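Enquirer: I am attaching a structure below and will ask some questions about it afterwards.
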Amino acid sequence: MTGTPDHSPGGIPSFTGGAAPYAGGDPYADYRSAPLPFTALPDLADRRLGGSVVAANDEFFADRENLLTPAPAHFDARLFGHKGKVMDGWETRRRRGTDAARPHPAEDDHDWALIRLGAPGVIRGVVVDTAHFRGNHPQSVSVEAACLPGAPAPEDLLAAGVKWTVLVPRTPVGGHAANGFAVHTEERFTHLRLCQYPDGGIARLRVHGEVRPDAAWLAALGTFDLAALENGGLPEDASDRFYSSPLNSVLPGRSQKMDDGWETRRRRDDGHDWVRYRLTGQAVLRALEIDTGCYKGNAPGWAEVSALDAVGGADPADASAGWTVVLPRTRLQPDTVHRFPLEGAPVATHVRVDIHPDGGVARVRVHGSLTEEGERSLDARGFRADGS
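Next up, the structure:
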């Protein structure tokens, strides 16, 4: 099966050819990019979720691991090492032909990297970012995806018989550009194979999509964090994303610095900020955690949490449609993990956290267990590690 990339005139803009040599000043001044409709979705390859570049055939000039660095690629025109210009990306050596009579690489010669997604899921779009690779970017790229259970080694991924689905067929790309490709397939994937023809450098790879957790694993856990991105939770909407995204609030682990969480601008009115989470599925809620880690002079003053069971058709976007307060407005402390056991075992598919009046929340955890309906919903959608 082959996915269908949207990379044509009238769809997502294409970038081809090299960029001009760096002339000084802001290295991003002539960077080529365009709005991409899928980039609001989580990056399934995010290293913070556990994404990794598990293998590459060549990384002579720059390490493959740079592909998944969360921050944009950095460029220092003065920085050189023993192998040449130090680049913040994955860069392979220049390919050569077989002999003096055939000095150029063959048509199908290419370099490749294998990527394990941090959170398996359905891929909606891919960005192959060649930032700062101007005359040393690949001529074209392709992206394939596979779904394998467990933690396969590189040799398992490269073994004969592994089913690879083409998400992006071999397509020309531009240097110093965010080359975007929309993907239209409903399959669940765990790994990617990124190929560049014939060689060159790619700064970053972003794989945007919808998390599809392994239902069998969640059933084995019993009680787990229903809001966690890796378990299929998702911030559906928020009042404000000025400083950072609410997606940060459902990442694994504790926040390490201020921009690792969700922070709103300072309010100058009498309103308040909020974020609404879609949980893994319908579940019985057991306990909440609200972590204001690293927010010291900008933590919210108070928080209130409400829950909604939308299985009967209620609209989560309607703040008046069946929401029940499960944590009344409660004082928060700066740089603190707040833990709240819930009474009455409320059943919910969504949770809304209202902060008063504004500020930053590092992490939100919603601990609970799926109901029979929640388990059936996951099974019906086929989110199992073996792809079945």
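Under numbering that gives the first Met the number 0, the first residue of the sequence shown carries the number 0, and numbering increases by one thereafter. For every residue, glycine included, the Cβ atom is placed at its ideal position computed from N, Cα and C. This structure is a prediction, so every number in the text was calculated from the model and none was measured.
Would DSSP call Asp155 helix, strand or coil?
Expert: Of the three classes helix, strand and coil, the one that applies to Asp155 here is helix, per DSSP.
Enquirer: What residues in its chain sit with their C-beta under 8 Å from that of His175, if we drop five residues either side in the sequence?
Expert: Hits under 8 Å: Gly17, Ala18, Asp29, Tyr30, Arg31, Thr129, Ala130, His131, Phe132, Arg133 and His136.
Enquirer: Does Ser51 come out as helix, strand or coil in the three-state DSSP assignment?
Expert: Reduced to three states, the DSSP call for Ser51 is strand.
Enquirer: From Arg266 to Leu193, what distance separates their C-alpha atoms?
Expert: Taking the straight line joining both Cα atoms gives about 44 Å.
Enquirer: Please list, in chain order, all residues of the same chain as Pro345 whose beta carbon is under 6 Å from its beta carbon, the five residues on each side excluded.
Expert: Cβ within range, chain order: Leu284, Ala306 and Val325.
Enquirer: For the beta strand (DSSP E) that contains Trp216, what are its first and last residues?
Expert: Not the beta strand (DSSP E): Trp216 falls in the alpha helix (DSSP H), residues Ala214 to Leu220.
Enquirer: Could you name each continuous alpha helix (DSSP H) segment of 4 residues or more that falls completely within the region 314–371, going from the start of the chain to the end?
Expert: Counting whole runs of 4 or more residues, the region 314–371 contains no alpha helix (DSSP H) stretch at all.
Enquirer: Tell me the DSSP bridge mates of Arg277?
Expert: Per DSSP, Leu233 and His349.
Enquirer: When DSSP builds the beta bridges, which residues end up paired with Ala61?
Expert: In the DSSP output, where bridge partners are listed per residue, Ala61 has Glu90.
Enquirer: Exposed or buried, which one is Gln195 when buried takes at least 16 other CB atoms within 10 Å?
Expert: When all chains shown are included, Gln195 counts as buried.
Enquirer: Among the residues of its own chain, which have a CB less than 6 Å from the CB of Ala54, if the five just before and after it don't count?
Expert: Excluding residues within five positions, the ones whose Cβ falls inside 6 Å are Leu113 and Pro153.
Enquirer: According to the neighbour-count rule (16 or more other Cβ atoms, all chains shown, within 10 Å of its Cβ), is Thr97 buried or exposed?
Expert: Classification for Thr97: exposed.
Enquirer: Applying the 10 Å Cβ sphere with the 16-neighbour rule, what's the burial state of Phe59?
Expert: Exposed, since its Cβ has fewer than 16 Cβ neighbours within 10 Å.
Enquirer: Indicate, with yes or no, if the ligand GTP has a heavy atom lying under 8 Å from the CB of Ala214.
Expert: The ligand GTP is not among the ligands present in this structure, which contains no ligands whatsoever.
Enquirer: Can the beta-carbon of Arg46 be found closer than 9 Å to that of Pro69?
Expert: Yes, Cβ-Cβ distance for Arg46 and Pro69 is below 9 Å.
Enquirer: With DSSP run on the structure shown, which of helix, strand or coil describes Leu191?
Expert: Note: Leu191 maps to strand in three-state DSSP.
Enquirer: Please report the distance separating the alpha-carbon of Arg203 from that of Ala61.
Expert: Straight-line Cα distance between these residues: approximately 12 Å.
Enquirer: Which two residues bound the contiguous beta strand (DSSP E) that contains His207?
Expert: Run containing His207: Arg203 to Val210, per the beta strand (DSSP E) assignment.
Enquirer: Rounded to whole angstroms, what is the Cα-Cα separation between Leu228 and Tyr27?
Expert: Roughly 31 Å between the two C-alpha positions.
Enquirer: Sort Gly252, Glu235 and Asp236 by Cα distance to Asp224 and report the nearest one.
Expert: Closest by alpha carbon: Gly252.
Enquirer: What's the gap between the Cα of Pro171 and the Cα of Trp273?
Expert: The alpha-carbon atoms of Pro171 and Trp273 are separated by roughly 43 Å.
Enquirer: DSSP puts Arg115 in a beta bridge; with which residues?
Expert: Arg115 is bridged to Ser51 and His190.
Enquirer: Which stretch, first to last residue, makes up the beta strand (DSSP E) that contains Asn178?
Expert: Its beta strand (DSSP E) spans residues Ala177 to Ala181.
Enquirer: Name the two residues that bound the continuous beta strand (DSSP E) containing Trp301.
Expert: It spans Trp301 to Leu307 - the beta strand (DSSP E) in which Trp301 sits, taken as one unbroken run.
Enquirer: With a threshold of 8 Å on Cβ separation, who are the neighbours of Gly23 within its own chain once the five nearest residues in sequence on each side are excluded?
Expert: Cβ neighbours of Gly23 beyond the five flanking positions: Ala76.
Enquirer: For a cutoff of 9 Å on Cβ pairs, would you count Gly200 as touching chain B?
Expert: Among the chains in the structure shown there is no chain B, since it carries only a single protein chain.
Enquirer: Have a look at Ile289 and Ala181 and give me their C-alpha separation to the nearest angstrom.
Expert: So the two alpha carbons sit approximately 35 Å from each other.
Enquirer: Would you check if there are 3 or more beta carbon pairs closer than 8 Å linking the region 308–328 to the region 348–357?
Expert: The region 308–328 is in contact with the region 348–357.
Enquirer: Tell me which same chain residues have a C-beta within less than 7 Å of the C-beta of Gly386, skipping the five on either side of it?
Expert: With a pLDDT of only 45 at Gly386, under 50, the local geometry of the prediction cannot be trusted, and no value is derived from it.
Enquirer: Going by CA-CA distance only, name the one from Asp57, Ala361 and Ala214 that's closest to Asp334.
Expert: Considering only alpha carbons, the answer is Ala361.
Enquirer: Please determine, among Leu250, Asp317, Asp198 and Trp89, the residue with the shortest C-alpha to C-alpha distance to Asp107.
Expert: The shortest Cα separation from Asp107 among Leu250, Asp317, Asp198 and Trp89 belongs to Asp198.
Enquirer: Between the C-alpha atoms of Arg115 and Leu217, what's the straight-line distance to the nearest angstrom?
Expert: Taking the straight line joining both Cα atoms gives about 20 Å.
Enquirer: Among the residues of its own chain, which have a CB less than 6 Å from the CB of Gly358, if the five just before and after it don't count?
Expert: Correct list, in chain order: Asn297, Ala298 and Pro299.
Enquirer: In this structure, does DSSP put Ser139 in helix, strand or coil?
Expert: Three-state DSSP puts Ser139 in a strand.
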